Amino acid sequence: MSRLYTSLNKIKFTHISENYQIPRTFKNKLSPLYSNVITYVVSTYNGTMKYKTTVVKIINILTYAVLASEPLPFTWSASNPFINIPEIDDDQLEEVLGDLYLTEDSIEWDVKVVDDAKEIVVTTISPYNTITSPTPSPVTSSTSSAIHPIGNSTITSPNPNKYTRIVSTPSSKFDISDLYIQAPEVPQFDVNKPWLSEVNGMDKLTIYTTLPEVPKRQRDISITTNPALMTDQDLLNLFPDTYIHTRATSMYANIGDALYMDPNLGIILPIDDYTQEQCIENIIQYPHFYKLVRYSKEKDEFTSFYENIEIDGELVPTLQIWNELDISKKVPYNAEFIKEYLVRKYLMDRDIKHVQFKYPLYGTLNPYLTLFMPASEYEKRGLDSLSIARQCVESRISYKQSRSPILRRLGMINE
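Mapped onto our numbering, the consecutive letters of the sequence shown carry residue numbers 271 to 685.
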């Protein structure tokens, strides 16, 4: 693989924020992050290979996060970059970054060793928004999004790993990866069966039929899935045979008597203007959230949905008003609780009150995108399992089509 920067063509470390040849559309997002890291390094640099390796990894992760649309944990901050570094495999970084991938010897370390510089403590954390298992699959870059912390603040907890998104032990026949929204690491296509082929400008854009054509698990549902091919039994096979914990770990940890704790669904946060039954129904319809962003046509940029709250048609920084909400006094000051409240309030306002937001979610997010409990449990709650499974298929098709850059480029997606 050819690279822009090698031992014979180095980039000065202190020039990375200005001269790193990243695509221009990402420059304004990455340059401030690079600058913060550079400032930190200048004041703590000890010149060791371990230090350089960590810094290079951080730079690569930042570039990857924006280019591949992967959120950074709320507990990571560019102003203190060695703490809570998201764990991303080097092979995955290199695959996505290609010729932008940096190594220790591709950088000219134009930084002076700080007198009495101490050994830097490095901690890592799994990315907060991914569903992980003992052997998680790498995510893909099918969703276009930009990554931002909530405002300029960092929300921390004594044990950040406690709040990574995990799932309960899978059942005997059901693997947690079966629920993933993101495409598999190596997707399968029928290259002899184009699902769509159009010429746009000088480009011929083609989407091939994804295999298997009849999904055997929720993760198999794709842009090209045809629900009409699925029998009732195919639909029922999509259900897990046990409850799967798809919400953040902190949602399943009892934090006292102030909040109701459902034995299977976890903590039920009280949402202003809605009953507990409505909140429970919302969790059943939307058991987890994945890469939620807003898109600004005016600025042609994506921002994290969690960064702001829309109030009376205006976006207000989340942390600016969080402490004014009654719920903030009942839950830990933790990103997962803030995200949980923010999104559920938005969804119930949208679905129940039919509020028309000026700054809506990017792409569709329809109920039952994920089936997280056995069909019999949905039936016990008065829901028809076949209807729910069919809606899961339709919701996933809509979710993926609405985020397809090819379909959007061809004008086949309504904004």
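Every residue gets a Cβ at the ideal spot worked out from N, C-alpha and C, and that includes glycine. What you are looking at is a predicted structure, and each value in this text was computed from that prediction instead of being measured.
Residue i versus residue j - alpha carbon distance
{"i": "residue 524", "j": "residue 643", "result": "21 Å"}
{"i": "residue 589", "j": "residue 611", "result": "13 Å"}
{"i": "residue 609", "j": "residue 462", "result": "43 Å"}
{"i": "residue 601", "j": "residue 348", "result": "26 Å"}
{"i": "residue 373", "j": "residue 276", "result": "8 Å"}
{"i": "residue 321", "j": "residue 294", "result": "29 Å"}
{"i": "residue 450", "j": "residue 325", "result": "31 Å"}
{"i": "residue 330", "j": "residue 273", "result": "13 Å"}
{"i": "residue 279", "j": "residue 375", "result": "10 Å"}
{"i": "residue 226", "j": "residue 296", "result": "Given that the chain is displayed from residue 271 to residue 685, the structure contains no residue 226 and the question cannot be resolved."}
{"i": "residue 646", "j": "residue 613", "result": "28 Å"}
{"i": "residue 553", "j": "residue 658", "result": "14 Å"}
{"i": "residue 478", "j": "residue 558", "result": "29 Å"}
{"i": "residue 636", "j": "residue 460", "result": "28 Å"}
{"i": "residue 417", "j": "residue 520", "result": "Unreliable positioning characterises residue 417 in this predicted model, as indicated by a pLDDT of 25, which lies under 50. The coordinate reading is nonetheless provided below. Cα to Cα, the separation comes out at about 22 Å."}
{"i": "residue 362", "j": "residue 323", "result": "16 Å"}
{"i": "residue 668", "j": "residue 493", "result": "8 Å"}
{"i": "residue 661", "j": "residue 599", "result": "37 Å"}
{"i": "residue 343", "j": "residue 316", "result": "26 Å"}
Residue of the options minimising C-alpha distance to residue i
{"i": "residue 671", "options": "382, 390, 552 and 465", "result": "465"}
{"i": "residue 665", "options": "675, 677 and 633", "result": "633"}
{"i": "residue 448", "options": "475, 470 and 491", "result": "491"}
{"i": "residue 551", "options": "622, 573 and 682", "result": "622"}
{"i": "residue 562", "options": "631, 547 and 549", "result": "631"}
{"i": "residue 350", "options": "311, 289 and 603", "result": "311"}
{"i": "residue 318", "options": "328, 384 and 370", "result": "384"}
{"i": "residue 517", "options": "388, 346, 315 and 605", "result": "605"}
Residue i, enclosing alpha helix (DSSP H) - first and last residue
{"i": "residue 551", "result": "546 to 555"}
{"i": "residue 375", "result": "Looking at the DSSP string, residue 375 is not in any alpha helix (DSSP H), and its letter there is neither H nor E."}
{"i": "residue 621", "result": "605 to 621"}
{"i": "residue 601", "result": "No alpha helix (DSSP H) holds residue 601; DSSP gives it neither H nor E."}
{"i": "residue 295", "result": "294 to 314"}
{"i": "residue 511", "result": "Unbroken run through residue 511: none, as it is neither H nor E."}
{"i": "residue 362", "result": "360 to 367"}
{"i": "residue 663", "result": "655 to 672"}
{"i": "residue 331", "result": "319 to 337"}
{"i": "residue 288", "result": "286 to 289"}
Interface flag, residue i vs chain D, CB-CB below 8 Å
{"i": "residue 590", "result": "Among the chains in the structure shown there is no chain D, since it carries only a single protein chain."}
Terminal residues of the beta strand (DSSP E) in which residue i lies
{"i": "residue 532", "result": "530 to 532"}
{"i": "residue 504", "result": "Here residue 504 belongs to no beta strand (DSSP E); instead the alpha helix (DSSP H) covers 502 to 506."}
{"i": "residue 581", "result": "578 to 581"}
{"i": "residue 571", "result": "571 to 574"}
{"i": "residue 675", "result": "Not the beta strand (DSSP E): residue 675 falls in the alpha helix (DSSP H), residues 675 to 679."}
{"i": "residue 589", "result": "No beta strand (DSSP E) holds residue 589; the alpha helix (DSSP H) holding it covers 588 to 591."}
Inter-residue CB distance, residue i and residue j (contact presumed, cutoff 8 Å)
{"i": "residue 470", "j": "residue 677", "result": "The Cβ separation is near 11 Å, so there is no contact."}
{"i": "residue 629", "j": "residue 580", "result": "5 Å"}
{"i": "residue 458", "j": "residue 481", "result": "4 Å"}
{"i": "residue 638", "j": "residue 555", "result": "6 Å"}
>> Quick test of the definition: if touching needs 3 or more C-beta pairs under 8 Å, does the stretch 281 to 294 touch the stretch 370 to 387?
In response: Contact between the stretch 281 to 294 and the stretch 370 to 387 is present: 3 or more CB-CB pairs across the two stretches fall below 8 Å.
> With a cut-off of 8 Å, do at least 3 Cβ pairs link the stretch 383 to 397 to the stretch 353 to 362?
Replying inline: They touch, by the three-pair rule.
>> With a threshold of 8 Å, are at least 3 pairs of Cβ atoms found where one atom belongs to the stretch 652 to 661 and the other to the stretch 584 to 602?
In response: Too few Cβ pairs lie closer than 8 Å, so no.
> Counting pairs of beta carbons, one from the stretch 292 to 300 and one from the stretch 332 to 340, are three or more of them closer than 8 Å?
Replying inline: With the rule of 3 Cβ pairs closer than 8 Å, the stretch 292 to 300 counts as touching the stretch 332 to 340.
>> With a threshold of 8 Å, are at least 3 pairs of Cβ atoms found where one atom belongs to the stretch 540 to 557 and the other to the stretch 617 to 626?
In response: By the Cβ test, the stretch 540 to 557 is in contact with the stretch 617 to 626, since at least three Cβ pairs between them sit closer than 8 Å.
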